[in-house]
Every structure is written in structure tokens, then in C-alpha cells.
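Trainee:
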Ligand SMILES: [Zn+2]
Ligand SMILES: [Zn+2]
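Residue numbers (this note's numbering): 2 to 179.
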């Protein structure tokens with residue numbers, strides 16, 4: 002039997018004999034004759050439950066996706082927005098991240114599904130991927146925008162050291178190790 006997740010609570014089961022049944026794990030219903038006529042908890046329901054428990058198919062409401070950075074597969078909620086990022090590469094707005102090139106800390110503002118070789122840096126008339134210090138990172142990395150969260154405090158008040166928003170290829174930034 003092969004089981005595939007449809008991204009809801011319904012799973013498609015194809016048997017060895019080539020029959021296709023739909024199993025709903027929430028209502029515990031299956032479209033097979035066994036279940037329909039005898040109201041038994043059929044083998045298809047059991048099989049889907051096992052596949053989910055053992056992590057071979059996505060849990061209800063999830064789909065299998067690939068990390069936009071490393072390509073590793075994992076399960077995301079069906080309505081999750083791109084880019085899909087595995088635990089190791091997940092950066093979110095509000096995260097502090099370390100710039101691998103300078104060692105500086107940045108505050109992440111946005112993670113875009115657009116690629117580094119698509120997004121331009123107007124001030125330098127090149128793409129994020131073409132910018133000199135970004136060339137050793139994959140050109141298809143998602144683009145992350147961030148600011149340097151540093152301020153100067155003087156008697157005159159508090160001034161941000163820079164109000165510029167910078168763009169980075171995602172893998173140039175690393176989550177700090179805690
Ligand atoms: Zn069944
Ligand atoms: Zn990854």
C-alpha cells in the first residue's frame with residue numbers, strides 16, 4: 002500500500018491491487034467497501050495512522066516540502082508561506098542573526114521568497130548575488146532584509162548608527178548559538 006498526504010486530514014491510499022481509497026483520519030472514515038458496509042476500522046485507516054506516526058507521510062494539515070536553502074525535506078503546515086526553511090535555516094522577522102562576513106549582529110526584518118540573483122541593490126547597480134561580499138553564497142538563496150540594531154547614546158539623545166536596510170543571501174546569516 003502507498004499512502005500520500007493531500008495536505009488536509011484526507012490521505013490517498015493505493016493498494017497492491019491498484020485500488021485507490023480516501024482515508025479521513027479526523028472522522029476515521031475510509032471509502033473502501035470494508036469500511037462502508039461493515040463499519041470496521043479497516044486496514045487502510047490503520048496503515049495511514051502508522052505511516053504518520055513513523056514520519057513517512059506528513060501529519061494532518063501538513064505537506065512535505067524542501068528547504069529553500071539546503072533542499073532537506075520536512076513537513077510544513079499546508080498554508081505556510083514560502084520560502085520553506087528547515088530548522089537549521091529558519092530565520093524569522095525579529096531574529097538576531099550573525100553576519101558570517103563581518104561577525105556583526107543584525108536584526109532580521111523580512112525573509113523573502115525572492116532569490117538573491119533576482120533582487121537588485123539599487124545603490125550598487127547589481128543583484129544581491131552579484132554584490133562582492135555575497136559571491137560565495139548560492140545565487141538562489143532567499144533574500145533576507147535586516148538592519149544593524151545599534152544606537153549611540155549621547156547627551157543630545159539616542160541616534161541610530163544607521164537607518165539603512167541591508168539585503169543578504171540567507172546563508173550569509175547564521176542564527177547565534179545560544
Ligand atoms: Zn479502508
Ligand atoms: Zn535547510
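Note that CB positions come from ideal geometry on N, CA and C, so glycine has one too. As the structure is a prediction and not an experimental result, all values here were calculated from the model.
Are the Cβ atoms of residue 116 and residue 143 separated by less than 9 Å?
Mentor: On the chain shown, position 115 is the one that residue 116 refers to. On the chain shown, position 142 is the one that residue 143 refers to. In this structure, residue 143 lies closer than 9 Å to residue 116 by Cβ.
Trainee: Please determine, among 9, 45 and 36, the residue with the shortest C-alpha to C-alpha distance to residue 17.
Mentor: As a working mapping, residue 17 is identified with position 16 in the chain shown. If we check each option's Cα against that of residue 17, 45 comes out closest.
Trainee: In chain order, what residues of the same chain have a beta carbon less than 6 Å from the beta carbon of residue 81, not counting five sequence neighbours either side?
Mentor: Start at 1 with the first residue of the chain shown, and residue 81 comes out as number 80. None.
Trainee: Check whether the segment 100 to 107 touches the segment 72 to 92, counting contact only when three or more Cβ pairs, one atom from each stretch, lie closer than 8 Å.
Mentor: no
Trainee: Taking the straight line between their C-alpha atoms, what separation do you get for residue 151 and residue 114?
Mentor: Here residue 151 refers to the residue found at position 150 when the chain shown is read from its first residue. Here residue 114 refers to the residue found at position 113 when the chain shown is read from its first residue. Here the alpha carbon of residue 151 sits roughly 27 Å from the alpha carbon of residue 114.
Trainee: So for residue 168, helix, strand or coil by DSSP?
Mentor: Along the chain shown, one-based indexing puts residue 168 at 167. Reduced to three states, the DSSP call for residue 168 is strand.
Trainee: Please report the straight-line C-alpha distance between residue 99 and residue 171, rounded to a whole angstrom.
Mentor: Position 98 of the chain shown holds residue 99. Position 170 of the chain shown holds residue 171. So the two alpha carbons sit approximately 11 Å from each other.
Trainee: From residue 161 to residue 177, what distance separates their C-alpha atoms?
Mentor: Working through the chain shown from its first residue, we reach residue 161 at position 160. Working through the chain shown from its first residue, we reach residue 177 at position 176. Approximately 22 Å between the Cα atoms of the pair.
Trainee: In chain order, what are the residue ranges of uninterrupted alpha helix (DSSP H) at least 4 long that sit wholly in the segment 54 to 102?
Mentor: You should have found no qualifying run.
Trainee: Would you list the one or two residues that DSSP bridges to residue 143?
Mentor: Walking along the chain shown from the start, residue 143 turns up at place 142. Residue 143 pairs with 116.
Trainee: Once DSSP output is grouped into helix, strand and coil, what is the label at residue 130?
Mentor: By 1-based counting over the chain shown, the position of residue 130 is 129. Residue state, collapsed to three classes: coil.
Trainee: Provide the residue(s) that pair with residue 32 in DSSP beta bridges, ordered along the chain.
Mentor: The sequence position of residue 32 within the chain shown is 31, counting from 1. Looking at the DSSP assignment, residue 32 forms no beta bridge with any residue, so it has no partner.
Trainee: Taking all protein chains shown into account, decide if residue 102 is buried (16 or more other Cβ within 10 angstroms of its Cβ) or exposed.
Mentor: Position 101 of the chain shown, counting from 1, holds the residue named residue 102. Exposed: under 16 other Cβ atoms inside 10 Å.
Trainee: For residue 152, does the three-state DSSP call read helix, strand or coil?
Mentor: Indexing the chain shown from 1 puts residue 152 at position 151. In this structure, residue 152 counts as strand in the three-state DSSP scheme.
Trainee: Using 10 angstroms around the beta-carbon of residue 123, count the other beta-carbons present and answer buried if the total reaches 16, otherwise exposed.
Mentor: In the chain shown, the residue the question calls residue 123 occupies position 122. Burial call: exposed.
Trainee: Classify residue 52 as helix, strand or coil using the three-state DSSP reduction.
Mentor: Along the chain shown, read from residue 1 onward, the residue named residue 52 stands at position 51. Here residue 52 sits in helix by DSSP.
Trainee: For the beta strand (DSSP E) containing residue 176, name the first residue and the last one.
Mentor: The residue given as residue 176 occupies position 175 in the chain shown. Element bounds for residue 176: n/a, residue is neither H nor E.
Trainee: Take residue 49 and list the residues in its own chain whose beta-carbon comes closer than 8 Å to its own, dropping the five residues that flank it on each side.
Mentor: On the chain shown, residue 49 is found 48 positions in, with the first residue counted as 1. Excluding residues within five positions, the ones whose Cβ falls inside 8 Å are 4, 12, 14, 24, 26 and 58.
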